[in-house]
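Below is one structure, written out as C-alpha cells; comments come after it.
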Amino acid sequence: MTKPTRPVLGILLAITTMLLFASMDSVSKVLVDQFSVVQILWVRYAVFLVFALCLALPKLGRTAIKTRRPWLQITRSLVLVAEIGVFVFAFRYMEFADVHAVAAIAPLMVTAMSVPFLGERVGPRRWAAVAIGLVGMLVILRPGFSVFDPAALIALAGAALFALYQVLTRMAAEDPAEVSLLYTGLVGFVVLTFFGPFFWVWPTITETGLLAAAGLLGVVAHLALIKALSLAPASTLQPFNYT
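In short: position in the sequence shown from 1, add 61, done, that's our numbering.
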C-alpha cells in the first residue's frame, strides 16, 4: 500500500510533537532527581496505555491490536522504551540544554537512515546538512579534550535510538495511528512491569501530578509523531525537528 503524503499537515504535526517533547523532557528533568528511571518510565507508560486504550478502542474495537507487521510494531515499541530510558538517564548527569544539543543530531540520523531503510530520495543539500550536523556533533562532544563529558555519549545513544524509532514508525505507517499508539503503550508497560515494582517509591500528590503529566504529554506527542510520519516522508520532517 502506498503511504499517503500530506506534507504540510505532517510538518505542522512534527512541530507540535517537538514542542510536546520539550515540555515532557522538562518534567522528566524534575522527576529524575527524586525517582529512578525505571519508576518514571513505568508510571509514564501506565498513563500512556490508559489514554492509548481510550483513543483506540472506541474507534477500532477489537481490531485495535490487529496489524500486518506485529514484529515491526513490537520492535519499534521496544526501541522507544530504550530511547526514553536513555534520555531520562542522561538528564541525571547533564544539563537540560546540553542533552538537547546532543540530541539535535537525531534529525540528521533520520535523514541518512531514510535512504537505505525507507527508499526515500535525499538530494545533495540534505546530504550536506547531514555532514554539517555530524561536524556540529563533534564540536558539541569535543572528543580528545579534557573538557569532554562522557555523559554526552548517553545522550548520543538516545538520539540514535530516537532516529531509529522514527524510521521504524514510518515503516509501520500502513497501520492506523491508533494501532501504533496502542502497541507503543502496551509493549512498554508490559516490559517495565517486570522491573517497576522493585524500584517503587511512593510519590507525593505533587509528584503524582508530574508523573501523570509526563505520561499525558508523551501519549499526545507520540500520537502526533506517528500521524506526522504517516503523512510525510521522514526526511521531509527532519528540518522541523529543530523547532
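Just so you know, even glycine gets a beta-carbon here, dropped at the ideal spot from N, CA and C.
Inset, instruction - Check Val200 in the structure and name its three-state DSSP category. - result: helix
Inset, instruction - May I ask you to report which of helix, strand or coil DSSP gives Pro211? - result: coil
Legend entry - Cut-off 7 Å between Cβ atoms - residues of its own chain near Ala285, not counting five sequence neighbours on either side: Cβ contact annotation for Ala285 (same chain, cutoff 7 Å, sequence separation greater than five): Leu74, Thr77, Thr78, Leu81, in chain order.
Legend entry - Runs of alpha helix (DSSP H) wholly within the stretch 65-113 (minimum 4 residues, chain order): 68-92
Legend entry - Cβ contact (3+ pairs, closer than 8 Å) linking the stretch 118-132 and the stretch 174-189: Pairwise C-beta distances place the stretch 118-132 out of contact with the stretch 174-189, as fewer than three of them are shorter than 8 Å.
Legend entry - Cβ shell of Gln227 (< 7 Å), same chain only, five flanking positions each side left out: Val171, Leu290, Ala295
Inset, instruction - Please go through the same chain and pick out, in chain order, the residues whose beta-carbon is closer than 7 Å to the beta-carbon of Glu239, but skip the five residues on each side of it. - result: Leu116, Ala117, Lys120, Leu121, Ala125, listed in sequence order.
Legend entry - Given Leu292 as reference, the closest of Leu102, Glu235, Leu253 once Cα atoms are compared: Glu235
Inset, instruction - Select from Leu278, Pro68, Val111, Glu144 the residue whose C-alpha is nearest the C-alpha of Phe250. - result: Val111
Inset, instruction - Identify every run of the alpha helix (DSSP H) within the stretch 121-186, keeping only runs that are complete inside it and at least 4 residues long; order them along the chain. - result: 131-154, 157-164, 167-179
Inset, instruction - To the nearest angstrom, report how far apart Glu156 and Leu139 are at their CA atoms. - result: 26 Å
Inset, instruction - State the Cα-Cα distance for the pair Ile256 and Ala143, rounded to the nearest angstrom. - result: It should be pointed out that residue 256 corresponds to Phe in this sequence rather than to Ile. Approximately 14 Å, taken between the alpha carbons.
Legend entry - Within 8 Å, strictly: CB atoms of Ala220 and Met85: In this structure, Met85 does not lie closer than 8 Å to Ala220 by Cβ.
Inset, instruction - Measure the C-alpha to C-alpha separation of Glu268 and Trp261 and round it to an integer number of angstroms. - result: 13 Å
Legend entry - Pairwise C-alpha distance: Ala107 and Ala113: 10 Å
Inset, instruction - Quick one: grab the DSSP three-state call for Val262. - result: coil
Inset, instruction - Identify whether Phe255 lies in helix, strand or coil by the three-state DSSP scheme. - result: If DSSP states are grouped into helix, strand and coil, Phe255 belongs with coil.
Legend entry - First and last residue of the uninterrupted alpha helix (DSSP H) at Ala6: No answer is possible for residue 6: it lies beyond the span of the chain, which begins at 62 and ends at 304.
Legend entry - Alpha-carbon spacing of Arg67 relative to Leu298, whole angstroms: Rounded to the nearest angstrom, the two C-alpha atoms are 11 Å apart.
Inset, instruction - Specify the secondary structure class of Glu239 as computed by DSSP and reduced to three states. - result: Helix.
Inset, instruction - Determine, using beta carbons only, whether Ala218 and Arg105 come nearer to each other than 8 Å. - result: no
Legend entry - Euclidean distance between Cα positions of Leu253 and Arg137: In a straight line, the C-alpha of Leu253 is about 15 Å away from that of Arg137.
Legend entry - Beta carbon of Ile215 nearer than 8 Å to that of Val149: Their beta carbons are not under 8 Å apart, which means Ile215 does not touch Val149 by this criterion.
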